[in-house]
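Some notes on the structure that comes next.
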Amino acid sequence: MSQHDVTLTDQAVRLAARDHGGEGPPVVLLHGLGGTLDAWREVAPALTGAHRVVSMDLRGHGLSGDGPWGWDTALGDIEAVVDHLGLDAPAIVGHSLGGMLALLWAARHPECPAIVNLDGLRSAENDPENYPGMEAAELERELAALKAAFDAQEATMAQPLPPEQIALVPPRAVDAGGRLRPGPELLAAVRYAPHFRDAIPSLMDVRCPALIVLATQDPPGMPGGELTAALRHGIRRDLAPVTAARPDIRVVELAASHNMVDEKPGDVAALINEFL
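Counting along the sequence shown from 1, when you hit position 156 you're at 166 in the working numbering, and nothing is skipped either side.
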């Protein structure tokens with residue numbers, strides 16, 4: 011089966027998906043916040059030797075339509091794509107926001123054979139107790155700077171990009187008015203959602219084997235290295251009792267940043283293939 015794009019128009023929100031082909035058990039790939047299905051352009055082909063592979067644009071992203079963000083509605087979008095393409099009990103692989111959706115999918119679909127969560131357990135902007143080891147005053151300063159950066163990003167999303175910048179952005183990532191997708195409303199709705207800030211509690215509701223891949227490096231040029239290191243330390247701390255109670259949840263650390271799908275697609279694909 012050759013790769014082809016699919017658009018579902020019989021839903022409340024238009025949904026764009028890509029069937030990458032392949033033979034074997036189905037796998038659905040979910041990108042992160044602000045991404046598109048093109049995030050999997052190098053990973054997907056490496057999975058088709060053993061799997062039928064499908065990726066999709068989440069609502070408000072890529073060529074999918076706009077609609078209010080909700081975890082239930084996003085899961086319904088995934089289910090619509092799964093049903094439309096006749097996928098039988100797919101494994102779910104998600105990066106960042108997509109990994110958080112994979113956790114919820116597995117909790118609600120006992121037939122799901124496995125999930126892979128690629129660095130999708132906590133957002134960078136989080137509660138102070140999730141940054142163990144940092145001095146309180148320094149932590150307060152770093153969190154204030156991070157909030158200001160995200161506030162500025164939200165404001166930028168509401169404005170059209172200059173033409174010279176639009177030329178540098180992947181076509182699926184901007185709307186017809188030249189604004190980055192998703193819009194500020196969806197970005198704010200996700201940003202402050204408890205599950206986005208901390209998805210670790212939902213791991214105990216997952217009903218199938220799960221692979222958690224943690225990044226060990228900061229994205230190039232990203233400030234606040236002490237903050238992100240403390241966040242990773244907190245994730246390791248809080249994963250320990252979960253994995254002790256659930257031996258079917260496996261944790262692997264990858265020498266990459268949060269952008270691991272772009273940075274090390276071969277390693278990511280190998281981890282997915284080996285686990286599934």
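In this text, a Cβ means the ideal position worked out from N, Cα and C, and glycines have one as well.
- Item | Residue interval of the alpha helix (DSSP H) (run including Asn127) | Counting along the chain, Asn127 falls outside any alpha helix (DSSP H), though it belongs to the beta strand (DSSP E) covering Ile125 to Leu128.
- Can you tell which of Ala220, Ile210, Gly235 and Glu152 has the C-alpha that lies nearest to the C-alpha of Val262? The shortest C-alpha separation from Val262 is found at Ala220.
- Quick one: complete alpha helix (DSSP H) runs, 4+ long, within the region 226 to 257? Within the region 226 to 257, the complete alpha helix (DSSP H) runs of at least 4 residues are 235 to 255.
- In chain order, what residues of the same chain have a beta carbon less than 8 Å from the beta carbon of Leu190, not counting five sequence neighbours either side? Shown here for Leu190: same chain residues with a beta carbon closer than 8 Å to its own, the five before and five after excluded, namely Gly44, Thr166, Met167, Leu171, Val179, Ala183 and Val184 in chain order.
- Taking the DSSP output, what are the residues bridged to Ile222? Residue pairing by DSSP places Ile222 opposite Asn127 and Val261 in a beta bridge.
- Task: Identify whether Thr17 lies in helix, strand or coil by the three-state DSSP scheme.
- Result: In the three-state DSSP reduction, Thr17 falls in the strand class (E or B).
- Query: DSSP state of Pro275, grouped into three classes?
  - Reply: In the structure shown, the three-state DSSP call for Pro275 is helix.
- Quick one: is Lys274 buried, meaning 16 or more other Cβ sit within 10 Å of its Cβ, or exposed? Counting Cβ neighbours within 10 Å, Lys274 comes out buried, since at least 16 surround it.
- Item | Environment of Tyr141 [buried if 16+ CB atoms lie within 10 Å] | Tyr141 should be labelled buried.
- Query: Where does Ser106 sit, in a helix, a strand or coil, going by DSSP?
  - Reply: Here Ser106 sits in coil by DSSP.
- Extent of the continuous alpha helix (DSSP H) to which Gly86 belongs: That run of the alpha helix (DSSP H) goes Trp81 to His94.
- Item | Rounded C-alpha distance that separates Trp115 from Glu135 | When rounded, the distance between both Cα atoms is 24 Å.
- Query: In the DSSP assignment, what are the bridge partners of Leu25?
  - Reply: Looking at the DSSP assignment, Leu25 forms a beta bridge with Leu18.
- Message: With H, G and I counted as helix, E and B as strand and the rest as coil, what does DSSP make of Ala64?
- Response: In the sequence as displayed, the identity of residue 64 is Val instead of Ala. Note: Val64 maps to strand in three-state DSSP.
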